[in-house]
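S.K.:
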Amino acid sequence: MADATAPPGKVLARGGPSSAMEFDLLGWPEDGPRLRLDYRRFAYAGKFVTAATGKTVLRDPDESLPPLDDDRPAPTGGPDSLPPLVEDVVAAVAFNEDRTDPTTLWFRYVTVRRDRRGDGLGPDLLRRTCDAAADRGYETVRIAANNPFAYEACHKAGFGFTGRETGVAELVLERPAGAPAAVSREAYQSGLDRYRARDLDDPERAFLAAREGVEPPEIDAGHSDD
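Mapping of the sequence shown onto the UniProt record's numbering: position 164 corresponds to residue 164, and the numbering continues sequentially without gaps.
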């Protein structure tokens with residue numbers, strides 16, 4: 001891949017009005033970075049332990065962890081090669097290169113700490129990871145969304161629906177690595193229509209009803225490196 005010497009690194013990201021967070025590129029797939037998340041606080045936590053994917057995170061080192069409303073046991077044990085459990089990460093992305101196209105990067109898993117969902121952290125981290133991919137020399141970034149909430153978040157990060165689905169019925173979205181995709185109302189609604197045809201729960205149906213006929217969401221304000 002182009003620019004193979006580009007190192008992992010950190011920059012400041014502005015999360016909310018009173019929190020300054022760090023964007024941290026832990027490494028590319030060939031670096032084998034591992035990230036140990038608390039499964040009680042993060043979906044897909046086990047997917048981030050593997051060394052097969054590159055990873056980026058948003059850290060909020062100044063925030064104390066809130067109490068858990070979860071009776072499951074805390075993560076313990078594991079091989080000595082596992083990193084310690086992290087406590088300052090609020091969002092994470094795992095990614096790898098397309099198997100047949102070395103100019104394309106796939107975002108495989110995105111997770112936001114449960115108590116920070118709805119704060120715009122997912123789209124912010126997706127955009128920042130796209131920027132890192134562009135700096136690395138990638139041309140296209142793809143992601144698959146398995147529910148309408150994820151689909152909406154991807155649009156806020158500059159992705160657009162391709163009209164394609166994966167083999168497990170996830171909707172495939174993509175964007176140029178270095179810039180947001182141009183997305184029409186028709187393309188945006190065509191993806192929502194795919195979800196509308198499925199067996200959904202009440203929150204998903206209400207979400208889709210509220211977006212009937214509307215334009216794609218605006219891309220979130222973006223980050224600041226100040």
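C-beta: ideal position from N, C-alpha, C; glycine also.
#1: Evaluate residue 2 with the Cβ neighbour count: other Cβ atoms within 10 Å of its Cβ, from every protein chain shown; 16 or more gives buried, anything less gives exposed.
#2: Which stretch, first to last residue, makes up the alpha helix (DSSP H) that contains residue 34?
#3: Rounded to the nearest angstrom, what separates residue 156 and residue 128 at their Cα positions?
#4: Should residue 218 go down as buried or exposed, given a rule of 16 or more other Cβ atoms within 10 Å for buried?
#5: Does the distance from the CB of residue 175 to the CB of residue 216 come in under 8 Å?
#6: Excluding five sequence neighbours on each side, which residues of the same chain lie with their C-beta closer than 7 Å to the C-beta of residue 187?
#7: Spell out the partners DSSP gives residue 97 in its beta bridges.
#8: Could you give the DSSP three-state label for residue 161: helix, strand or coil?
#9: Please name the residue in 113, 24, 96 whose C-alpha comes closest to that of residue 37.
#10: Pull up the CB-CB distance for residue 55 and residue 68, whole angstroms please, since I reckon it's below 8 Å.
#11: Whole angstroms is fine: what's the gap from residue 122's alpha carbon to residue 71's?
#12: What does DSSP give as the partner residues of residue 54 in its beta bridges?
M.R.: A quick look at the data gives this:
#1: Start at 1 with the first residue of the sequence shown, and residue 2 comes out as number 2. For residue 2, the predicted model reports a pLDDT of 32, less than 50, meaning its position is unreliable; a value from the coordinates is still stated below. Burial call: exposed.
#2: Counted from its first residue, the sequence shown places residue 34 at position 34. Neither: residue 34 is in no alpha helix (DSSP H) and is coded neither H nor E.
#3: Residue numbering aside, residue 156 sits at position 156 when the sequence shown is read from its first letter. Residue numbering aside, residue 128 sits at position 128 when the sequence shown is read from its first letter. Roughly 12 Å separates the two Cα atoms.
#4: For the purposes of this step, residue 218 is taken as residue 218 along the sequence shown, with counting starting at 1. Counting Cβ neighbours within 10 Å, residue 218 comes out exposed, since fewer than 16 surround it.
#5: Looking up residue 175 in the sequence shown gives position 175. Looking up residue 216 in the sequence shown gives position 216. Not a contact, by the Cβ cut-off of 8 Å.
#6: Position 187 of the sequence shown, counted from the start, is the residue given in the question as residue 187. These residues qualify, in order along the chain: 160, 161.
#7: In the sequence shown, counting from the first residue as 1, residue 97 sits at position 97. DSSP links residue 97 through a beta bridge to 105.
#8: Start at 1 with the first residue of the sequence shown, and residue 161 comes out as number 161. Here residue 161 sits in strand by DSSP.
#9: Taking the sequence shown and counting its residues from 1, one reaches residue 37 at position 37. Selected option, being the one with the closest Cα: 113.
#10: Against the sequence shown, residue 55 aligns to sequence position 55. Against the sequence shown, residue 68 aligns to sequence position 68. In fact, because the Cβ distance is near 24 Å, the residues do not count as touching under 8 Å.
#11: Residue mapping note: residue 122 aligns to position 122 of the sequence shown, counting from 1. Residue mapping note: residue 71 aligns to position 71 of the sequence shown, counting from 1. Taking the straight line from one Cα to the other gives about 26 Å.
#12: Taking the first residue of the sequence shown as 1, we reach residue 54 at position 54. In the DSSP output, where bridge partners are listed per residue, residue 54 has 95.
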